[in-house]
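Going by the working numbering, the first residue of the sequence shown is number 977, and it counts up by one from there.
So the structure is just underneath, and the comments pick up after that.
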Amino acid sequence: LKPFINRFTLLELTDYTEEEKRKMVKSKFVALEYGVTEGAITDIANRCRGIPRTIETFVKGLTDLALTKSTDLINLKLCEEYFDINDIDQNGLTKNDLMILKIIVDSNKPLGLITIESKSGIQKEDIEYRYEPYLLKLKLIEKTEKGRVATQKGYEYIYPTAPSEDNDDNNKLSEENKLLEIDKILN
């Protein structure tokens, strides 16, 4: 990669915008002649990690699920069912992402790849190249000289803080639902 970057110094990679991700999602369904609601488009775009191939995987899975339901309209309810079946949370984190994050959060100290590998059963190369980049991108973990550590955001992702007294009951339900969702995915 370094020789490539040295040769093309003006090259700068950026993430897709929300609108670009939404356009990709919609175009995939249009090409397959499926209807799709705006809510479903947004949900898929939010969970795709900004990766076009992931959008294709989600679209293929959703169209397969739609076939079993005898519908040609992809709506938010169908998306939620698909993502529940596949253990993908609202930010696109998978069961393995959440397991790795929980291991790091629960350690309360920096962890190296070998330690995370032994605790998770996931090969260190997969952790480093498949899971860690997205956790870093979401700022749920940080890499330090001593290893990977959870950020405050990462800690709150696994263990949402209790809502303050001035928050309404909806916030309390939302936090409880998130804990239940993470627990369901991990177990």
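Ideal Cβ positions, reconstructed from N, Cα and C, are used throughout, including at glycine.
Since this is a predicted model, take the numbers as computed values, not measurements.
Compare the Cα-Cα distances from residue i to each of the options and report the closest residue.
i, options, result
"Asp991", "Leu1114, Ser1046, Arg1106 and Glu1104", "Leu1114"
"Gly1011", "Val1035, Lys1119 and Tyr1058", "Val1035"
"Asp1040", "Ile1061, Val1125 and Lys1071", "Ile1061"
"Lys1085", "Leu1074, Ser1046, Glu1056 and Ala1126", "Ala1126"
"Leu1054", "Ala1007, Glu1014, Ser1096 and Gln1099", "Glu1014"
"Gln1066", "Ile1098, Gln1128, Asp1159 and Ile1020", "Ile1020"
"Thr1070", "Leu989, Asn982 and Glu1157", "Glu1157"
Using the three-state DSSP reduction, which class does residue i fall into: helix, strand or coil?
i, result
"Thr993", "coil"
"Lys1045", "coil"
"Ile1098", "coil"
"Thr1030", "helix"
Which same chain residues end up closer than 8 Å to residue i when comparing Cβ atoms and leaving out the 5 residues on each side of it in sequence?
i, result
"Glu1104", "Leu1089"
"Gly938", "Any question about residue 938 goes unanswered here, given that the chain covers just 977 to 1163."
"Arg998", "Ile1017, Thr1018 and Ala1021"
Assuming contact is defined by CB atoms lying nearer than 8 Å, are residue i and residue j in contact in what I supplied?
i, j, result
"Lys1119", "Leu1112", "yes"
"Val1001", "Ile1017", "yes"
"Gly1130", "Ile1080", "yes"
"Lys1078", "Ile1134", "yes"
Near residue i, what residues of its chain come up, given a Cβ to Cβ distance below 7 Å and the 5 sequence neighbours on each side ignored?
i, result
"Phe1059", "Arg1023"
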